[in-house]
Amino acid sequence: MLLCLKDTFSKSASSRSCAAQKRCKMSDRAEKRRRKKRREMLRWVRSLLIAVAVALCIKMFLLDFIRIAGVSMNDTLVTGDVVLATKFDYWFSSPQRGDIVLISVPGREGTFVKRVIGLPGDEVIIQGDSTFINRAYYDEPFVSNEAREDFIVVLGENEYLVLGDNRYSSHDGRDSDIGLLPESAFKGRVRCIVSPFSRFGGV
Numbered sequence: 002m003l004l005c006l007k008d009t010f011s012k013s014a015s016s017r018s019c020a021a022q023k024r025c026k027m028s029d030r031a032e033k034r035r036r037k038k039r040r041e042m043l044r045w046v047r048s049l050l051i052a053v054a055v056a057l058c059i060k061m062f063l064l065d066f067i068r069i070a071g072v073s074m075n076d077t078l079v080t081g082d083v084v085l086a087t088k089f090d091y092w093f094s095s096p097q098r099g100d101i102v103l104i105s106v107p108g109r110e111g112t113f114v115k116r117v118i119g120l121p122g123d124e125v126i127i128q129g130d131s132t133f134i135n136r137a138y139y140d141e142p143f144v145s146n147e148a149r150e151d152f153i154v155v156l157g158e159n160e161y162l163v164l165g166d167n168r169y170s171s172h173d174g175r176d177s178d179i180g181l182l183p184e185s186a187f188k189g190r191v192r193c194i195v196s197p198f199s200r201f202g203g204v
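Just so you know, we're using my numbering here: the sequence shown kicks off at 2 and counts up by one.
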């Protein structure tokens with residue numbers, strides 16, 4: 002009888018020991034799963050932060066998307082167009098005639114989209130729907146209508162003339178509050194229309 006009790010007690014103790022070991026193993030597995038989830042979450046958060054940082058750097062220094070508002074660049078760019086602009090074009094080179102550019106104007110908020118027409122040293126004459134640069138006719142197939150008035154200017158060193166393609170309605174370098182701009186005013190170059198899809202393409 003005593004032997005039987007000892008055997009029963011031994012089996013019971015062994016059973017409790019096995020159960021404890023199982024619970025310990027289950028606890029270890031649960032802890033490993035929690036650690037794995039934490040590592041995955043940290044990796045996800047780190048990847049998200051890196052992606053946000055890269056996107057901000059790209060927007061600040063390389064690319065930007067601009068929604069067109071107003072009629073000054075009709076019919077090349079119209080209200081509602083979303084354009085892609087590159088910001089690095091003028092880090093190592095100067096604006097060129099015909100470039101559609103992003104400009105900032107001293108004393109005015111925001112960024113404006115215009116086209117470069119006059120370069121340093123140029124004489125620019127606008128008469129009706131005709132433009133002459135250094136006394137030579139300058140073909141402008143992008144201009145949608147004739148100018149609101151005749152205009153003549155001689156540009157000095159580091160002076161650029163920017164105009165809208167809608168010469169009748171554009172507020173641009175012909176107006177005293179914009180005037181001739183220094184190269185530092187150029188913040189990027191418009192490359193293409195990205196929206197709406199029906200107007201997608203280079204400019």
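Note that beta-carbon positions come from the ideal geometry of N, C-alpha and C, so glycine has one too. If you're wondering where the values come from, they're calculated on a predicted model, not measured in any experiment.
Spatially closest choice to L103 from K33, R116, T132, by CA coordinates
R116
Straight-line CA distance for I126 to G99?
One C-alpha to the other measures close to 16 Å.
Determine whether the beta carbon atoms of E147 and G119 lie at a separation below 7 Å.
no
Would the region 159-179 count as touching the region 69-76 if we require 3 or more Cβ pairs under 8 Å?
Three or more pairs of CB atoms, one per stretch, sit closer than 8 Å, so the region 159-179 contacts the region 69-76.
Could you pull out every residue in the same chain whose Cβ sits closer than 8 Å to the Cβ of E184, ignoring the five residues on either side in sequence?
Y91, S95, P96, N159, Y161
Taking only the alpha-carbon atoms, compute the straight-line gap between S28 and F201 and give it to the nearest angstrom.
58 Å
Supposed contact pair V46 and R66 - C-beta distance, whole angstroms, cut 8 Å
Checking the sequence, you will find Phe at residue 66 rather than Arg. About 27 Å; that fails the 8 Å criterion.
Excluding the five sequence neighbours on either side, which residues of its own chain have a C-beta within less than 6 Å of the C-beta of I153, listed in chain order?
I126
Same chain only: Cβ atoms within 8 Å of L63, ignoring 5 sequence neighbours per side
T87, K88, F89
Since D65 is in the beta strand (DSSP E), which residue starts that stretch and which ends it?
64-68
Just to check my reading of the structure: I1 and V114 have Cβ atoms closer than 8 Å, yes? What is that Cβ distance to the nearest angstrom?
Given that the chain is displayed from residue 2 to residue 204, the structure contains no residue 1 and the question cannot be resolved.
State yes or no: is the C-beta of D123 within less than 7 Å of the C-beta of L156?
yes
Helix, strand or coil at V204 according to DSSP, with G and I counted as helix:
coil
Do you know offhand how far I101's Cα is from G165's?
9 Å
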